[in-house]
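Remarks on the structure that follows.
Number of protein chains: 4
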Amino acid sequence: MTPSPRELEGVASLQAVRQRSEALVAPLSAEDCGAQSMPDASPAKWHLAHTSWFFETFVLARWAPPFKPFLPFDAAYRDLFNSYYNAVGEQFPRAQRGLLTRPSLAEVMAYRAHVTAATTELLARHPDDAALRALVTLGLHHEQQHQELLLTDIKHLLSCHPQRPAYAAGCAPASPVGASAQALRWQAVEGGVVSIGHGGEGFAFDNEGPRHRVFLAPYALANRPVNNGEYRAFIEAGGYDEPAWWLSEGWDWRCRNALSQPLYWQRQASSATSSPTSAWAEFTLAGLRPLDALQPVVHLSYFEADAYARWAGARLPTEAEWEHAALAAGEACTGHFADAGVLHPQCPGSFDDSQRYGSVWEWTSSSYAAYPGYRPAAGAVGEYNGKFMVNQYVLRGGSCATPAGHLRASYRNFFAATARWQFSGLRLAMDD
Amino acid sequence: MTPSPRELEGVASLQAVRQRSEALVAPLSAEDCGAQSMPDASPAKWHLAHTSWFFETFVLARWAPPFKPFLPFDAAYRDLFNSYYNAVGEQFPRAQRGLLTRPSLAEVMAYRAHVTAATTELLARHPDDAALRALVTLGLHHEQQHQELLLTDIKHLLSCHPQRPAYAAGCAPASPVGASAQALRWQAVEGGVVSIGHGGEGFAFDNEGPRHRVFLAPYALANRPVNNGEYRAFIEAGGYDEPAWWLSEGWDWRCRNALSQPLYWQRQASSATSSPTSAWAEFTLAGLRPLDALQPVVHLSYFEADAYARWAGARLPTEAEWEHAALAAGEACTGHFADAGVLHPQCPGSFDDSQRYGSVWEWTSSSYAAYPGYRPAAGAVGEYNGKFMVNQYVLRGGSCATPAGHLRASYRNFFAATARWQFSGLRLAMDD
Amino acid sequence: MTPSPRELEGVASLQAVRQRSEALVAPLSAEDCGAQSMPDASPAKWHLAHTSWFFETFVLARWAPPFKPFLPFDAAYRDLFNSYYNAVGEQFPRAQRGLLTRPSLAEVMAYRAHVTAATTELLARHPDDAALRALVTLGLHHEQQHQELLLTDIKHLLSCHPQRPAYAAGCAPASPVGASAQALRWQAVEGGVVSIGHGGEGFAFDNEGPRHRVFLAPYALANRPVNNGEYRAFIEAGGYDEPAWWLSEGWDWRCRNALSQPLYWQRQASSATSSPTSAWAEFTLAGLRPLDALQPVVHLSYFEADAYARWAGARLPTEAEWEHAALAAGEACTGHFADAGVLHPQCPGSFDDSQRYGSVWEWTSSSYAAYPGYRPAAGAVGEYNGKFMVNQYVLRGGSCATPAGHLRASYRNFFAATARWQFSGLRLAMDD
Amino acid sequence: MTPSPRELEGVASLQAVRQRSEALVAPLSAEDCGAQSMPDASPAKWHLAHTSWFFETFVLARWAPPFKPFLPFDAAYRDLFNSYYNAVGEQFPRAQRGLLTRPSLAEVMAYRAHVTAATTELLARHPDDAALRALVTLGLHHEQQHQELLLTDIKHLLSCHPQRPAYAAGCAPASPVGASAQALRWQAVEGGVVSIGHGGEGFAFDNEGPRHRVFLAPYALANRPVNNGEYRAFIEAGGYDEPAWWLSEGWDWRCRNALSQPLYWQRQASSATSSPTSAWAEFTLAGLRPLDALQPVVHLSYFEADAYARWAGARLPTEAEWEHAALAAGEACTGHFADAGVLHPQCPGSFDDSQRYGSVWEWTSSSYAAYPGYRPAAGAVGEYNGKFMVNQYVLRGGSCATPAGHLRASYRNFFAATARWQFSGLRLAMDD
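Chains as they are written, first to last, in numbering that gives the first Met the number 0: chain A, 0 to 431; chain B, 0 to 431; chain C, 0 to 431; chain D, 0 to 431.
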């Protein structure tokens, strides 16, 4: 069981999070773990190595350089597994990570064991070093982020195979027989000057703060995300062929790539006599399945989410609207997260009704930007978040691939408007 | 003399604005007017035709279809000079506008005369039709936007010629002998819940409203834009070689394009014995000139403006901060605009000290987005602004190429973060 | 009347060829002459200037540097109008020639007059200088090549305009009413050791020699080029959809560009009740016209010509086969050339039956390569031909856009296998 | 020991060739075998599978469809491992072969065992079926071609790793201490009408025939390939910076890719005090090594080979010149082939003096084209060679990575003019 947020520090958390990463590749071969299906995705092996590099670079190298067990495991890893920290040094080109057949998966596992053991020993040696504990905690949250990426990247890789192999049988169950769609209802939220952003105790990434005031006009949010049946209606109404619903750049992107459906949907050939539902199939981490109308639509770009909302006479919420509504609702940060072992969004009620946390990341209309007063951390770790604050849009709420305990109401995920391989869906909003 | 904002309606304004467009191409040959130097820029001839198409499509075709003088001037122009209005019909591919050698410049001028005359007659015939007057006013502001684009696009075209020809001799004077740099001072602004956006009387584009409340923390703005001397110091300090100052996407862009200076700067070959200032030259609409340290730096991308601000220990303002400060200062919307005939930013004092309006557009850190409650206009005109609200950044304040009377405190200009061919500079901000 | 090959030297030829270039742009505006529709094509103005640059650089600059009338007309032209002679200096980037709005067409015409006058004077002053006369003759043949390119480049430019404007009305007449297709007959040619290549008197480009022996197996050539009706049958038989007919690289190219017909063919919308012939239209220098089944098919790539030949159970000839057959036939080098004022290939009999010379360039299966013993000329002029001898295929026979008197049996034209904007067709060959 | 050409049929050859492929991957992990470093290269696993697919598709499926052991091993392999045979069916996209993590290497090995066993049984059952034996022989030669590609593709993959790992230690020995360069001598060859092409007994690919007559002028060939010391002199003389030596397309390619040395050469950082030789290192299948001046230069593109020859005052031979000289010399087809276990070209004398066969493939100036009378085989196997006969250049003689027994004097290898990852070098020629 993955620890809850406040526990994500200390040796027990370290062991649990590190083991969880390793458990994720258990269904995969070394070959699966080495391949890279597109520049945005990384091989699973690279995720396993990079998350170790993070501890080695930002924890072990800083606290224990002269001590023998903390010597670099392999000097070459410094560049090979550096993602984007210019202050640390060079980086092996991102788009070529699939070419790193050396070190092998077994060697990376040995690297992991070394880093976990050394970090464990370091924590034992400096039990009262708050800065050390803070960086270890950051490393654990960092590793949890890569756990989700590992799943989305493997999903993309498997989707490129004409046989659409499954990552794990049974991890994407259909809605129960007889289940019916939950009605869409609007939940009004009063506006005014409200506070958002991480304010207080517990871990948060630097981009979640400072806590600050914003002014919100009254608005309403839907009680649940948009589902496949609703999105299919958009497609059948010609939504992908009508530029009026699309942002101009989104329309160009859709035309250039000849898109007419979400990333992992595909029309079934023999649909003549079938029901409308069975005309579509969806690739999941359990392989190809009939589209389930009740489950949240997922793997949408910002452009598609925005176009759907416009067609539906609504809009996307801002991230402040999303966060304030979540805080106002006062719900615990629980829901359908990855520890359930179900790696596909489920219909409302399977885990909770509102699906506010977990299930699907929800696109907001907010461009990813610094909060007022934001300052990146000093040193190389300061490159973690701040330098990406341009041309990306914020997603909120976590997904079925997010580790339990990783999320908060103030959590800000962000991707380019064209990104579709994350577990990204949407919840409608409107002015009130 | 170009009319002031509140006068931009009626026949006199129509005549003045239309004539101003035609005056802009007086220094150019038909060949100059036909060429297109990059997909983002349009030929001058196309600007002249498209601004006429706008009146023909949104005014003449709507009010007077059965009346003979208002028949389409040429049915082919409907697609040829449609910029991006999908609801009107097809569009000739943007990147190929330079291939439209037909109609000739002379034919486009005849088209202009026809449209101006017919619109004049229509206004005379329906003196009390508010909707007509509103669309004519929109057409005039639209044409003013293209007047600025015509200048920036011609500047880019001429810059591609190895001889760096001038658009107009003398339109970019150097700072007076003996002038010295104005000291940079910070002007504190109190925050709180403030209102921004166009609220009331007079014309504004739909994207400037609705007027709405935002919460601002206290902040300070510089008293003037950054100048060439300051920006040169950034270059000489290695600013283009240090990733720490740059957004990640900006750094990649800078590396991919091997950039090391603003768009129109070039190092002078024989700089060994020269003063540092004379080591650089700048291409202007008056041709190549020695870099003038006192004048505002111009033709920066968002990425460069942001990197400079970070290096300077400051940041870009948000558009709400910019607008509120402008309103708080209570200055009239006057300054160095294009009607002065000086088509290059001048040192402070030449027109005014603060250079708040005119001179250079100032990048803000705000992604271009809909204001709360924003609704695009119904019909094809609704495509004017709303569909571009993604992956662009807002610039404020107008430039030396903006027609006088075109600007307002609430005016929102917007370009992609890589755009450099506009008269774009920056003013520093910081938390207070 | 354009002079015949053996006359292409001396002052009279100079005047005639220079005037012919200028006559070609008479139907065009300065705007037409300035535009560039693709990197492979050049603006008409550029052709006019470059052919003058050739005389200035290789004749005037060499014979008369100290003499005042021969000073550079404009020092900037040295790079602006250099096509590809690295030994002369830099070259303005080929793909941006459409941006050279300066010098104007009028200035280029003045440049032409200057160069023509100075060369005339030089010839008068050195009547017995064989090297001078040889270079002037080379310059005249060079200019004739550009006369053909000027027409093909203008045709491409006009084809990009949705209204498909004509270069000259009436220059592409239809076949006479009642004309019928000439039967395809095979003309056997005995092989053996034969000689090809320019051997003797009169001008030839360096790539046409040395004359040398080759061994040919017996073969047969068709009596005329493939016509539109035959090529349409290939299309209707699914020729563009069957990879078996295509070279692998050609098939990839066809798929990548979604090609299904020759460059300037277009299906007519309202073809339901029409005859098959009228289902297609073809863009010509006289504008869009119904496809004429009897006229030679033109504007084919090598890949299309080769695929057609394979489908027809035949093959393309080698250039040696083509040349030897032409010499064996003993026909005069006459036919449908550009001086006729008919700028589109005509049905056999309009000019001659065999259409061996003129009408359409005929793709051969020969890669453009040096003949045994080939040596480029010394100096910059040596860059004329030799450095292009890779990845291009030879075409033979001239076209309706080739100046009369320009061609010889040994003449080698060459283009990349994807090039379609030349007047390129094919004649079938087979083993005998 | 690999069988000689005439033995390459029957069960013993089948076993030997199939085992040789499997031995080639012995030094590699499953991860190494799955990666693809560029679209032109394939993963080692793909080579192992595709060569089995070839037997399954063209032998097993044709001779024994109803017989149980010959059922498709896996129906999905039909498309997955089809390289380019359109007549067989679809092909998995070439550039994505590195994404095929399924089937695993172990499964591919099982596929190989199945195919080898079934083919063995088929041969036993039909001992007198000449067509069967011919296709098995074709399959074996096909597999040998892929053995060489497997080595060149793995070399390219390993070269992308910053640590430059070796495929096999010791497989690229340096020249013996005290060895000196063999003097370059010219061997004159009389011309006339000669016959080339495969004429008679034994296996040959279809593209090697028919045997036919060509006319050759007298010429001379160098006694050995160009070596590293000679090529280094070309570099040091500025050969990569002087366009006069280069074909125009080659010069553009060199500039666009900023090339200044052969593919696997790299300048050594600390060369200040070193000897000129040690200023360069070369990546080999044994890892990075100091450049050995006496060994043949290898991994050149056609453009580089051609530029070197021009600089050296010589030229590349035609393929007819190469083949005729080889036949005239009357040497046995022996030399430095891959069975020696030395996977890098050695200095003359290590295997033989002339290095006519083996060592390095030698670029010829001949574009890859059909011989007179060439007809591809009927059916899908006809796609083997013919459809690639455009925009490629012929190489002759085999290399140190070619299986012994695979080559003949008439053997035609072919690659694009930019290809550098094969073991490609050159031998100079000149007119006599």
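For glycine and all other residues, C-beta sits at the position ideal for the given N, C-alpha and C.
Measuring straight from C-alpha to C-alpha, what distance separates proline 192 (chain A) and histidine 211 (chain B)? Taking the first residue of the first sequence as position 1, residue 192 (chain A) is located at position 193. Taking the first residue of the second sequence as position 1, residue 211 (chain B) is located at position 212. According to the sequence as given, residue 192 (chain A) is valine; it is not proline. About 13 Å.
Using the C-alpha atoms, what's the distance from histidine 125 (chain C) back to valine 58 (chain C)? Stepping through the third sequence from its first residue, residue 58 (chain C) is reached at position 59. Stepping through the third sequence from its first residue, residue 125 (chain C) is reached at position 126. For valine 58 (chain C) and histidine 125 (chain C), the distance between alpha carbons rounds to 12 Å.
Return helix, strand or coil for tryptophan 244 (chain B), following the three-state DSSP convention. Position 245 of the second sequence, counted from the first residue, corresponds to residue 244 (chain B). Shown here, tryptophan 244 (chain B) sits in a helix according to DSSP, grouped into three states.
Identify the continuous alpha helix (DSSP H) that holds tryptophan 45 (chain D) and give its terminal residues. Along the fourth sequence, one-based indexing puts residue 45 (chain D) at 46. Annotation for tryptophan 45 (chain D): the continuous alpha helix (DSSP H) segment containing it runs 43-54.
Quick one: grab the DSSP three-state call for threonine 115 (chain B). To locate residue 115 (chain B), count along the second sequence from 1; it is residue 116. If DSSP states are grouped into helix, strand and coil, threonine 115 (chain B) belongs with the helices.
Using beta-carbon positions only, say whether tyrosine 218 (chain C) and aspartate 430 (chain C) come within less than 8 Å of one another. One-based indexing of the third sequence puts residue 218 (chain C) at position 219. One-based indexing of the third sequence puts residue 430 (chain C) at position 431. The criterion of a C-beta distance shorter than 8 Å is satisfied by tyrosine 218 (chain C) and aspartate 430 (chain C).
Neighbourhood of leucine 425 (chain A) by C-beta distance below 6 Å, restricted to the same chain and skipping five residues each side: Locating residue 425 (chain A) in the first sequence gives position 426, where the first residue counts as 1. For leucine 425 (chain A), same chain residues with a beta-carbon under 6 Å away, outside a window of 5 residues either side, are Val225, Ala304, Glu361, Trp362 in chain order.
Taking the alpha-carbon positions, what's the cysteine 254 (chain C) to glutamate 241 (chain C) distance? One-based indexing of the third sequence puts residue 254 (chain C) at position 255. One-based indexing of the third sequence puts residue 241 (chain C) at position 242. Distance between the alpha carbons of cysteine 254 (chain C) and glutamate 241 (chain C) is about 11 Å.
Residues of the stretch 70-85 of chain B with Cβ closer than 8 Å to any Cβ of chain A, in chain order: When CB distances to chain A are screened at a threshold of 8 Å, the residues of the stretch 70-85 of chain B falling below it are Tyr83, Asn85, in chain order.
Quick one: any contact between the stretch 253-268 of chain D and the stretch 330-349 of chain D, if contact means 3 or more CB pairs under 8 Å? By the criterion of at least three beta-carbon pairs nearer than 8 Å, the stretch 253-268 of chain D is not in contact with the stretch 330-349 of chain D.
What residue from A:Glu382, A:Ser12, A:Glu281, A:Val188 has the CA that sits closest to glycine 228 (chain A)'s CA? Indexing the first sequence from 1 puts residue 228 (chain A) at position 229. Considering only alpha carbons, the answer is A:Glu281.
Please report whether the beta-carbon of histidine 46 (chain B) lies at a distance below 8 Å from any beta-carbon of chain C. Within the second sequence, the letter at position 47 stands for residue 46 (chain B). Look at histidine 46 (chain B): its C-beta is not under 8 Å from any C-beta on chain C.
Using a beta-carbon distance cut-off of less than 8 Å, what residues from the stretch 157-174 of chain A approach chain D? In summary, the residues of the stretch 157-174 of chain A whose CB is separated from some CB of chain D by less than 8 Å are Cys159, His160, Pro161, Gln162, Pro164, in the order they occur in the chain.
Along the alpha helix (DSSP H) that carries valine 296 (chain A), what are the first and last residues, could you check? If you number the first sequence from 1, residue 296 (chain A) lands on position 297. Neither: valine 296 (chain A) is in no alpha helix (DSSP H) and is coded neither H nor E.
With DSSP as the reference, identify every bridge partner of glutamate 361 (chain A), one or two as the case may be. Numbered from its first residue, the first sequence carries residue 361 (chain A) at position 362. The partner list for glutamate 361 (chain A) (beta bridge, DSSP) reads A:Arg395, A:Gly424.
Members of the stretch 375-401 of chain C that neighbour chain D once the beta carbon cut-off is set at 9 Å: Here the close residues are Gly381, Glu382, Gly385, Lys386, Phe387, Met388, Val389, Asn390, Gln391, Tyr392.
Which residues in chain D have a C-beta closer than 8 Å to the C-beta of glutamate 248 (chain C)? List them in chain order. On the third sequence, residue 248 (chain C) is found 249 positions in, with the first residue counted as 1. Simply Phe387, Val389, Asn390.
Closest by C-alpha distance to phenylalanine 117 (chain C), when choosing among C:Ala48, C:Trp62, C:Ser158: As a working note, residue 117 (chain C) is residue 118 in the third sequence. Checking the sequence, you will find alanine at residue 117 (chain C) rather than phenylalanine. That would be C:Trp62, whose Cα lies nearest to the Cα of alanine 117 (chain C).
Once you ignore the five residues that flank valine 87 (chain B) on each side, which residues in its own chain have a CB closer than 8 Å to its CB? Sequence index remark: in the second sequence, residue 87 (chain B) carries index 88 (1-based). A distance below 8 Å between beta-carbons, with the five flanking residues on each side excluded, links valine 87 (chain B) to the following residues of its chain, in chain order: Thr56, Arg77, Asn81, Ala379.
Alpha-carbon spacing of alanine 306 (chain A) relative to histidine 298 (chain A), whole angstroms: Residue 306 (chain A) sits at position 307 when you count from the first residue of the first sequence. Residue 298 (chain A) sits at position 299 when you count from the first residue of the first sequence. Approximately 14 Å between the Cα atoms of the pair.
From B:Pro42, B:Ala34, B:His49, residue whose alpha carbon lies closest to that of arginine 17 (chain B): Stepping through the second sequence from its first residue, residue 17 (chain B) is reached at position 18. Comparing C-alpha distances from arginine 17 (chain B) to each of B:Pro42, B:Ala34, B:His49 shows the shortest one belongs to B:His49.
Please report the straight-line C-alpha distance between valine 24 (chain D) and tryptophan 45 (chain A), rounded to a whole angstrom. Indexing the fourth sequence from 1 puts residue 24 (chain D) at position 25. Indexing the first sequence from 1 puts residue 45 (chain A) at position 46. One C-alpha to the other measures close to 24 Å.
Arginine 231 (chain D) - DSSP class collapsed to helix/strand/coil: Your numbering for residue 231 (chain D) matches position 232 in the fourth sequence. Arginine 231 (chain D): helix per DSSP, three-state reduction.
Tell whether a beta-carbon distance below 8 Å holds between glutamate 30 (chain D) and glutamate 30 (chain A). Translated into positions along the fourth sequence, residue 30 (chain D) becomes position 31. Translated into positions along the first sequence, residue 30 (chain A) becomes position 31. Taking 8 Å as the cut-off, the beta carbon of glutamate 30 (chain D) is found closer than this to the beta carbon of glutamate 30 (chain A).
Are the C-beta of alanine 216 (chain A) and some C-beta of chain B separated by less than 8 Å? Taking the first sequence and counting its residues from 1, one reaches residue 216 (chain A) at position 217. Interface residue, yes.
Distance check for alanine 94 (chain D) and alanine 376 (chain B), CA to CA, integer angstroms please. If you number the second sequence from 1, residue 376 (chain B) lands on position 377. If you number the fourth sequence from 1, residue 94 (chain D) lands on position 95. Whole-angstrom Cα-Cα distance: 47 Å.
If you drop the 5 nearest sequence neighbours on each side, which residues of the same chain put their C-beta closer than 8 Å to that of glutamate 248 (chain B)? The sequence position of residue 248 (chain B) within the second sequence is 249, counting from 1. If we look at glutamate 248 (chain B) and ignore the five residues flanking it on each side, its Cβ neighbours are Phe302, Ala416.
Determine, for leucine 149 (chain A), whether the minimum Cβ-Cβ distance to residues of chain D falls below 8 Å. Reading the first sequence from its first residue, position 150 is the one you call residue 149 (chain A). Leucine 149 (chain A) has a beta carbon lying at 8 Å or more from every beta carbon in chain D.
Closer than 7 Å by beta-carbon distance: list the chain D residues that pair up with histidine 433 (chain C), in chain order. Examination of residue 433 (chain C) is not possible in this model, given that chain C is present from 0 through 431 alone.
Are the C-beta of serine 366 (chain A) and some C-beta of chain B separated by less than 8 Å? Counting from one through the first sequence, the residue named residue 366 (chain A) turns up at place 367. Closer than 8 Å to some Cβ of chain B, the Cβ of serine 366 (chain A) qualifies, so yes.
Tell me methionine 108 (chain D)'s beta-bridge partners as DSSP assigns them. Here residue 108 (chain D) is taken as the residue at index 109 of the fourth sequence, counted from 1. The partner list for methionine 108 (chain D) (beta bridge, DSSP) is empty, contrary to what the question assumes.
What's the gap between the Cα of glutamate 464 (chain C) and the Cα of alanine 278 (chain C)? A question about residue 464 (chain C) goes unanswered here, because the residues of chain C that appear run from 0 up to 431.
Short Cβ contact (8 Å threshold) for valine 389 (chain B) with serine 365 (chain B): Indexing the second sequence from 1 puts residue 389 (chain B) at position 390. Indexing the second sequence from 1 puts residue 365 (chain B) at position 366. Contact flag unset, no.
Tell me which same chain residues have a C-beta within less than 6 Å of the C-beta of alanine 40 (chain C), skipping the five on either side of it? Position 41 of the third sequence, counted from the first residue, corresponds to residue 40 (chain C). Contacts found: Asp152, His155.
CB-CB under 8 Å to histidine 140 (chain C), same chain, minus the five flanking residues each way: which ones, in chain order? For this step, residue 140 (chain C) is matched to residue 141 along the third sequence. Result list for histidine 140 (chain C): Leu7, Phe202, Phe204, His405, in chain order.
Cβ shell of tryptophan 245 (chain C) (< 6 Å), same chain only, five flanking positions each side left out: Numbered from its first residue, the third sequence carries residue 245 (chain C) at position 246. Here the set comprises Ala306.
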